[in-house]
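Numbering (the numbering used here), first residue to last: 65 to 175.
The following block contains the structure:
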């Protein structure tokens with residue numbers, strides 16, 4: 065089983081390196097200045113663009129990522145249910161998952 069994992073890691077590493085090298089070979093070497101402009105609509109920007117980042121949905125994005133990881137953990141728990149140490153990890157992660165969830169459900173950071 066360990067041998068299969070080592071082969072998998074080697075193959076995935078080689079695939080990643082080959083895709084990275086392929087992107088270097090096929091990428092444009094001299095991009096057009098229009099592509100580096102703020103907007104690619106063909107018109108220059110009327111004034112300097114000052115973009116401010118709105119963190120209104122930041123907490124909901126964190127909850128989405130946490131729930132996504134929890135879904136993976138639930139699948140892993142269903143697969144490896146016979147291992148008793150994995151049950152404690154599952155319980156610990158479930159309690160840790162409740163911290164950001166309760167934060168958002170109680171209102172989060174109001175601005």
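Where is the CB? At the ideal position from N, CA and C, for every residue including glycine. Please read these numbers as outputs of a predicted model, since none were measured by experiment.
Taking the Cβ atoms as the reference, residue 164 lies roughly 6 Å from residue 126, within the contact range of under 8 Å. Boundaries of the alpha helix (DSSP H) around residue 137: 122-143.
Between residue 155 and the set 123, 168, 167 and 138, the nearest pair of CA atoms involves 138.
Our two residues, residue 90 and residue 78, have alpha carbons roughly 18 Å apart in a direct line.
The three-state reading of DSSP puts residue 95 in coil, since its state is none of H, G, I, E or B. For residue 65, no alpha helix (DSSP H) segment is defined, and its DSSP state is neither H nor E.
For residue 169, the closest C-alpha among the options 142, 140, 135 and 123 is that of 123.
Taken atom to atom, the span from the alpha-carbon of residue 157 to that of residue 140 is near 13 Å.
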